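In the numbering used here, the protein residues as written are 26 to 210. Where is the CB? At the ideal position from N, CA and C, for every residue including glycine. Bear in mind that the values here come from a model prediction, so they are computed numbers and not experimental data.
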Ligand code: 5GP
C-alpha cells in the first residue's frame, strides 16, 4: 500500500528541527528523508546521517542526470532530494517526512499533488532573527542571507496546506502530530 509524503518547511532558526525531532521520537515509524547538500558540515554533523555532503560538481552531475525530485539553491548552497530514494521508501510502505525549503516543497507538490505541505512558522520575524543570531553557528554575512531567505519563505508559505506556529515547542509538536494523524486517518 502506498503511504503519504509529508513535506515540512520552516525558516532557519524557527526550531523546526526540534519540532520534527520531537514528532519522530513519539512516532518512530516515520522515516525522515536524508537530503544532499553542498554546504559545509557543521560541528557534530555526520555525512550520510544529517545530509549527504556533496561537492558542487557532484551536485551538478545529479541535476544533469535528473536524479533529483526537487532541488533548490538556498543561502548560497545547493540542497536536493533524490527521486529514487523517495519512491523506494514509499513503495516499501513508509510514511515519509521531507524537511526541505519552501522552493523545494512547491516543486514536490507540482510533481506529487498528493504530498501534504506543512509550514512551521515563527511567532514573529523579530523573534526568529534573535533565535538565528543566538545559535552562533554562522557569521554575519550568512545570517543576512538567511534572513533574506526567511522573508521569501514566509511569502511562499501562503501556498501550503497547513501552518504550525512554533511559539511553544510541545504545543507545536502536538499540532504537527494532529495534522499528520488526521491526514492518515
Ligand atoms: P540547513 O543548512 O540549516 O541544514 O538547511 C537550510 C535549508 O535547506 C532549510 O530550510 C532546510 O529545510 C533546507 N533543505 C534541507 N534539505 C533540503 C532539500 O533536500 N531540498 C531543499 N529544497 N531544501 C532543503
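Residue 110 sits away from residue 63, with the two beta carbons spaced by 8 Å or more. Taking residue 93 as the centre and dropping the five residues before and after it, the same chain places the C-beta of 87, 105, 106, 107 and 108 closer than 7 Å to its C-beta, in chain order. Of the residues 33, 70 and 35, the one whose Cα lies closest to the Cα of residue 162 is 70. Counting other Cβ atoms within 10 Å of its Cβ, residue 178 reaches 16 or more and is therefore classed as buried. With three or more CB-CB distances shorter than 8 Å, the stretch 137 to 145 counts as touching the stretch 27 to 41. DSSP assignment within the stretch 72 to 109 yields the following whole beta strand (DSSP E) runs of 3 residues or more, N-terminal first: 76 to 78, 93 to 99 and 102 to 107.
Beta-bridge pairing by DSSP links residue 35 to 145. In this structure, DSSP gives residue 43 a helical state, which the three-state scheme calls helix.
Each residue's CA atom was taken as its position, placing residue 79 and residue 60 some 10 Å apart.
Excluding the 5 residues flanking it on each side, residue 117 has no same chain C-beta neighbour closer than 8 Å. In terms of side-chain proximity, the C-beta atom of residue 106 is found nearer than 7 Å to a non-hydrogen atom of the ligand 5GP.
When only Cα atoms are considered, residue 90 and residue 82 end up about 12 Å apart. For residue 188, DSSP records a beta bridge to 144.
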